[in-house]
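Residues 3 to 299 (the working numbering) are what the sequence shown spells out, left to right. Glycine included, each C-beta is placed from N, C-alpha and C at the ideal position. Every value quoted in this text rests on a predicted model; they were computed, and no experiment measured them. The next block holds one structure in the form of structure tokens; read it before the comments.
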Amino acid sequence: MGSSPGASGSSPSGGPRSLLLAEVARATQRLADAGVPSPRFDAEELAAHVHGTKRSTLHLVADSDFDARYWEAVARREAREPLQHITGRAFFRYLELQVGPGVFVPRPETESVVGWAIDAVRAMDVAEPLIVDLCTGSGAIALALAQEVPRSRVHAVELDERALGWARKNAEGSRVVLHQGDAREALPELAGQVDLVISNPPYIPLGEWEHVAPEARDHDPQLALFSGEDGLDTIRGLERAAHRLLRPGGMVVVEHADTQGGQVPWIFTEDRGWADAADHPDLNNRPRFATARRVAR
Ligand SMILES: C[S@@+](CC[C@H](N)C(=O)[O-])C[C@H]1O[C@@H](n2cnc3c(N)ncnc32)[C@H](O)[C@@H]1O
């Protein structure tokens with residue numbers, strides 16, 4: 003499959019470049035031609051995965067160890083299969099999670115939602131904060147909160163049995179308590195006691211199907227992506243669930259699409275028992291999540 007060492011080109015210092023690095027350069031071009039948004043990163047990650055090493059040590063792979071299965075992995079990525087499905091892992095804050103078909107791949111923009119939640123819980127100064135993650139998917143949010151908020155008691159709810167299977171694997175050995183069910187009706191036993199409700203729910207309008215990137219459209223579960231005509235059906239249901247679960251003074255934080263920053267805070271209105279509804283940007287300065295405080299009512 004790959005080219006011979008003699009065809010692998012030169013390093014910046016003029017010496018021979020390793021076969022693997024030359025193949026990574028070729029793969030980068032193929033992925034770029036296929037429209038992959040981060041072709042060099044992905045080509046390197048796949049090389050590291052196939053050769054059982056890290057991106058930073060790819061140059062140490064001997065030419066004799068070059069594994070032609072690299073090109074099988076590149077072809078899958080070229081067909082727009084998510085990088086994380088090929089490697090079987092996704093990084094989220096300080097976690098490495100197992101992911102694959104049947105579960106939503108956690109996204110970097112959700113990390114800032116969790117960051118806000120951690121700060122909010124710390125500011126509450128509660129000894130053993132009670133946290134609920136609705137629509138947990140792989141368990142990314144719940145597990146990050148359990149890891150980063152000392153003595154937190156974290157419950158996570160997921161409707162889809164297949165996604166929950168991935169969450170179970172990821173939650174093994176953690177103190178996250180998983181529940182299968184509809185987030186809008188979940189955990190009646192915790193009503194009025196929860197300090198923070200967090201959710202990254204489905205929020206894409208049904209009509210936007212054709213504009214969704216192939217990695218998401220063809221590989222993330224439909225239940226994880228779409229929610230009604232304007233994308234807000236699930237969030238409207240979660241508003242009631244959060245109000246039921248939270249204690250007075252407790253906070254809700256909900257991720258949304260970058261086009262929904264003008265709408266989502268208006269779901270958490272005063273007449274529905276909320277105060278301080280606000281919207282927040284992610285690290286790319288795009289509207290990303292809404293927050294509100296439950297008032298006694
Ligand atoms: C956008 S994904 C987010 C997953 C995870 N929270 C994350 O950030 O990576 C939304 C998840 O909500 C789940 N879901 C959709 N509707 C639900 C409902 N009514 N109750 C519980 N889970 C639901 C989907 O199966 C999917 O796993």
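Bridge partner(s) assigned by DSSP for residue i
i           : result
residue 73  : Paired residues: none, contrary to the question.
residue 196 : 248
residue 267 : Residue 267 is not bridged to any residue.
residue 156 : 133
residue 280 : 293
residue 201 : 136 and 256
residue 206 : 228
Residue i (DSSP reduced to helix, strand or coil)
i           : result
residue 130 : coil
residue 35  : helix
residue 10  : With a pLDDT of only 43 at residue 10, under 50, the local geometry of the prediction cannot be trusted, and the value read off the model is given with reservation. Residue state, collapsed to three classes: coil.
residue 252 : strand
residue 94  : strand
residue 285 : coil
residue 151 : coil
residue 227 : helix
residue 189 : coil
residue 99  : strand
residue 60  : helix
residue 3   : Residue placement at residue 3 is flagged as unreliable, the pLDDT there being 34, under the threshold of 50; a coordinate-derived value is accordingly withheld.
residue 261 : coil
residue 107 : coil
Closest residue to residue i among the options (Cα-Cα distance)
i           : options               : result
residue 223 : 238, 205 and 237      : 205
residue 269 : 237, 157, 50 and 23   : 237
residue 50  : 68, 151, 191 and 188  : 68
residue 254 : 196, 142, 166 and 184 : 196
residue 184 : 156, 193, 138 and 171 : 138
residue 289 : 134, 259 and 150      : 259
residue 251 : 240, 123, 208 and 30  : 123
residue 100 : 226, 168, 163 and 72  : 168
residue 115 : 281, 249 and 159      : 281
residue 261 : 277, 291, 243 and 271 : 291
residue 294 : 267, 273 and 287      : 267
residue 65  : 25, 218 and 263       : 25
residue 112 : 263, 271 and 257      : 257
residue 174 : 191, 149 and 189      : 149
residue 163 : 98, 27, 277 and 105   : 105
residue 192 : 217, 221, 209 and 245 : 245
residue 23  : 166, 59, 128 and 102  : 59
residue 39  : 287, 215 and 271      : 215
Near ligand 1: residue i beta-carbon under 7 angstroms from a heavy atom
i           : result
residue 68  : no
residue 172 : no
residue 269 : no
residue 283 : no
residue 62  : no
residue 140 : yes
residue 225 : yes
residue 161 : yes
residue 143 : yes
residue 106 : yes
residue 289 : no
residue 184 : yes
residue 204 : yes
residue 292 : no
residue 45  : no
residue 218 : no
Residue interval of the beta strand (DSSP E) (run including residue i)
i           : result
residue 181 : 179 to 182
Delimiting residues of the alpha helix (DSSP H) encompassing residue i
i           : result
residue 171 : 163 to 173
residue 48  : 41 to 52
residue 89  : 85 to 89
residue 185 : No alpha helix (DSSP H) holds residue 185; DSSP gives it neither H nor E.
residue 219 : 216 to 221
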